[in-house]
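In my numbering, the protein residues as written are 4 to 425.
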C-alpha cells in the first residue's frame, strides 16, 4: 500500500510539472520585469529559425487606383485582408488579389475624413474616423456601409491600434486625456456608443496648461491566449485588461524613461524628457518571448542610418528588443549586414535568405507582419549576399527569388507574414 501511495504521488508530481511547462496561465504568475536600463548595450544575434518561424509572402495586387507608398495598418482573416494607407482602406483576398476600397473619403455622415486602424470582427469590417467627433464605421465584408457608432471625442489614432473589438457587442478604446481631467485610461463601449465600464488612471488635473502633444492616443491593444493586453507607448506597464487593469510586465527604463504622469506635464517639460528617453512603441508577444520595437533616439548606438530620398538628416533604424519568458533575460537584436540589408535591425532571415524580419503589425492569433517594398525585394535578391546565402530551406529561397522576378519596381508592397511555431 505504501509503495502504491509513493507511486501515485510520483505520477501526480510528474503530471503537474509536465502539464504546467507550457501552461499560458503560468506565464504571468508574477509581474515580469523587462530591464531596459541595464541592457541598452546588450546586443545578441537572433534568427527566425531560432524562433521556429514560418514565413509566407503576400504580394498586394497593383491597380491604377491603389498604389501605396506606405502602409499604416493591416488586419486579416483566413480569407481576407484589409490594408490602411494615409487616406484609404482597401480589401483583398488573402492571396493579395485586390477586391476594392472600403468606405469613402469625406466629411459626410457615411464618409471617413481621417481613417484609423481597421479591424475585422464577426464578419464585419470596422474603420475608425479619427476626427474630433469620433465615430467607428461598420461595413460588411462586401464593403457595404452598415452603421456609424459614436465614440468619445478624439478616441482614435490614424497610426496606433488604440482600440479593438472586445466581443460581439462591445469595444475597448484608449481614452485621450486631452484636458487632463479624464478619470479612466480605457473605456468599454457598446454598439450604441455608450460607455459601460472605465479602467482607472493614476492622476488627473483640473487646471494648468494642457499638453498639446497628447492630441490623441498612443497605445496598442493585442491578444494572446484569449487575454487582452494593452500598453501606452509612453508608459512602462504592460496591462492585461480583465476585471481591472492587471500589471503583467514592467519595462524598466530607469534613466531612459519618463514619469508615469507624463500627460500632466506642460509641453516644454515633456519634450525635454521625451527627447532623452528610449521609446517602446509596439509589443509582439509569443508564448516564449516578448518582442518590442524601440526608438533609441539620442542613444542610437550605430553609424548606419535609413536611406530615405529627399530627407537631409540621419534617421535611425528602430531596434528590436527581446525578453525571454523562460530565462527572464532581456537583450536587443544585433544588426546583420547593415550595408546591404533593407532591414538590418530585424530578425536575421535564415529561413529563405531574404530580407530580415522586423514586425510592424500584429494580428490576433499570433500572426506578425512586415511590409517590404517591391523595389527593395527585387534589389535585394540581386545582391551577392542573397545569391551566396545558404538558408535553412533552399527551396523557399528559390520561391522568393521567383516572386521577386515577377514584380515590377513600382508594384505594391509585399506583406511578409510570420508565425512562430511553439
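Think of the CB as a built atom: it goes at the ideal place given N, C-alpha and C, for glycine as much as any other residue.
Rounded separation between residue i and residue j - CA only
i	j	result
residue 226	residue 382	36 angstroms
residue 209	residue 187	Residue placement at residue 209 is poorly supported in this model, since its pLDDT is 46, which falls under 50; the coordinates are not used for a value here.
residue 413	residue 171	40 angstroms
residue 40	residue 259	7 angstroms
residue 87	residue 111	20 angstroms
residue 343	residue 283	26 angstroms
residue 58	residue 422	7 angstroms
residue 262	residue 53	36 angstroms
residue 233	residue 253	12 angstroms
residue 159	residue 105	18 angstroms
residue 20	residue 326	Unreliable placement is indicated for residue 20, whose pLDDT of 35 sits below 50; the coordinate value is still reported in the next sentence. Near 23 angstroms, if we compare the C-alpha coordinates of residue 326 and residue 20.
residue 310	residue 177	34 angstroms
residue 339	residue 424	23 angstroms
residue 156	residue 119	14 angstroms
residue 272	residue 77	35 angstroms
residue 405	residue 67	24 angstroms
residue 74	residue 374	7 angstroms
residue 174	residue 306	44 angstroms
residue 250	residue 33	9 angstroms
residue 92	residue 228	28 angstroms
residue 143	residue 131	15 angstroms
residue 122	residue 137	16 angstroms
residue 223	residue 196	20 angstroms
residue 304	residue 49	18 angstroms
residue 115	residue 318	32 angstroms
residue 330	residue 290	13 angstroms
residue 242	residue 395	37 angstroms
residue 398	residue 179	49 angstroms
residue 255	residue 268	21 angstroms
residue 316	residue 298	16 angstroms
residue 240	residue 401	43 angstroms
residue 125	residue 167	13 angstroms
residue 296	residue 285	5 angstroms
Residue i and residue j closer than 8 angstroms at C-beta
i	j	result
residue 294	residue 257	no
residue 163	residue 90	no
residue 198	residue 244	no
residue 337	residue 150	no
residue 362	residue 320	no
residue 70	residue 415	yes
residue 102	residue 81	no
residue 248	residue 292	no
residue 133	residue 117	yes
residue 353	residue 51	yes
residue 410	residue 60	no
residue 43	residue 302	yes
Of the listed residues the options, nearest to residue i (C-alpha basis)
i	options	result
residue 154	129, 104 and 143	129
residue 37	237, 334 and 352	334
residue 265	97, 251 and 280	280
residue 238	277, 330, 104 and 327	277
residue 194	141, 224 and 235	141
residue 418	311, 404, 364 and 351	364
residue 169	94, 306 and 367	367
residue 312	72, 35 and 44	72
residue 99	404, 268, 84 and 70	84
residue 165	144, 146, 191 and 148	191
residue 393	351, 377, 137 and 114	351
residue 379	330, 345, 49 and 349	345
residue 372	398, 401, 288 and 395	288
residue 145	329, 64 and 127	127
residue 62	400, 377 and 298	377
residue 147	135, 179 and 107	107
residue 79	385, 370 and 395	370
residue 300	322, 314 and 286	322
residue 200	231, 230, 246 and 179	246
residue 308	274, 109, 167 and 341	341
For residue i: DSSP bridge partner residues
i	result
residue 288	293
residue 232	225 and 243
residue 38	255
residue 190	176 and 201
residue 166	176
residue 79	84
residue 381	The partner list for residue 381 (beta bridge, DSSP) is empty, contrary to what the question assumes.
residue 150	141
Proximity test, residue i beta-carbon vs the ligand MG heavy atom, cut-off 7 angstroms
i	result
residue 99	No copy of the ligand MG appears in this structure; indeed no ligand is present at all.
C-beta neighbour in chain D for residue i, strict 8 angstroms
i	result
residue 126	Annotation note: the requested chain D is absent from the structure, which comprises a single protein chain.
- Does the pairing of the stretch 355–372 with the stretch 387–401 give three or more beta-carbon distances under 8 angstroms? yes
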